[in-house]
Every structure is written in C-alpha cells, then in structure tokens.
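K.L.:
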Amino acid sequence: MNLLHKSAASRVLAKGTPMQGTIVGLHVWESGGGEDSPVILHEAYAVEADGRLFAVHQNLEPKSQVRLGMPVELRVDGDRP
Numbered sequence: 088m089n090l091l092h093k094s095a096a097s098r099v100l101a102k103g104t105p106m107q108g109t110i111v112g113l114h115v116w117e118s119g120g121g122e123d124s125p126v127i128l129h130e131a132y133a134v135e136a137d138g139r140l141f142a143v144h145q146n147l148e149p150k151s152q153v154r155l156g157m158p159v160e161l162r163v164d165g166d167r168p
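Heads up: the sequence shown begins at 88 in this note's numbering, then just goes up one per residue.
1. Taking just the CA atoms, how far does residue 128 sit from residue 88?
2. Return the CA-CA distance between residue 116 and residue 130, expressed in angstroms with no decimal places.
3. Quick one: complete beta strand (DSSP E) runs, 3+ long, within the segment 110 to 147?
4. Excluding the 5 residues preceding and the 5 following residue 136 in the sequence, name in chain order all residues of the same chain whose CB lies nearer than 6 Å to its CB.
5. Can the beta-carbon of residue 111 be found closer than 7 Å to that of residue 119?
So this is what it looks like as structure tokens:
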C-alpha cells in the first residue's frame, strides 16, 4: 500500500524518499450525518519508519486487510509523509 497525504502528494512524490514503514496506530472517526449531509468516515494512521513516527491521513483499501503491524510503503520529504 502506498501512503501519501493528498494535499502534498505531488510534492512528496516528486521529492520524497521511499521508505518502508509499519502501521503502529490507527484512529477512525465520523463527521457529518446531519439532515442534509452524509456520514463521512475519516482515517488516520501512525506509521513508524526509520525510527520516526509519522501521522498519515489517507484511506487505505481494502479496509478488511488493514492491520496494526502491517508493513506499508511511503515517501517522506523531511518530516512530511
């Protein structure tokens, strides 16, 4: 799986260093769901790579296969995954 923060994806993809990481934490929450808005599911992951911890906000698919401890590929530009 490739983890990229969407707002900085093109910059990180162009300049970032490929790394192997491990999912060490996850947080899932909902927003919306009001009268005129659908429920939106948000996901954030804590990924440890090269002795550093990164917060990654991206939906991973298929959700049924995402697990703590699973290896992931990411690109890192400085402190930005």
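Beta carbons: idealized from backbone N, C-alpha and C, even for Gly.
P.N.:
For this structure:
1. As a working note, residue 88 is residue 1 in the sequence shown. As a working note, residue 128 is residue 41 in the sequence shown. Because residue 88 carries a pLDDT of 46, less than 50, the predicted location of this residue cannot be relied on, and no value is offered for it.
2. As a first step, residue 116 must be located in the sequence shown, where it is residue number 29. As a first step, residue 130 must be located in the sequence shown, where it is residue number 43. Taking the straight line from one Cα to the other gives about 7 Å.
3. 126 to 136, 139 to 143
4. If you number the sequence shown from 1, residue 136 lands on position 49. Within the same chain, residue 136 has close Cβ partners 106, 108.
5. For this step, residue 111 is matched to residue 24 along the sequence shown. For this step, residue 119 is matched to residue 32 along the sequence shown. Cβ distance not < 7 Å, so residue 111 and residue 119 don't count as in contact.
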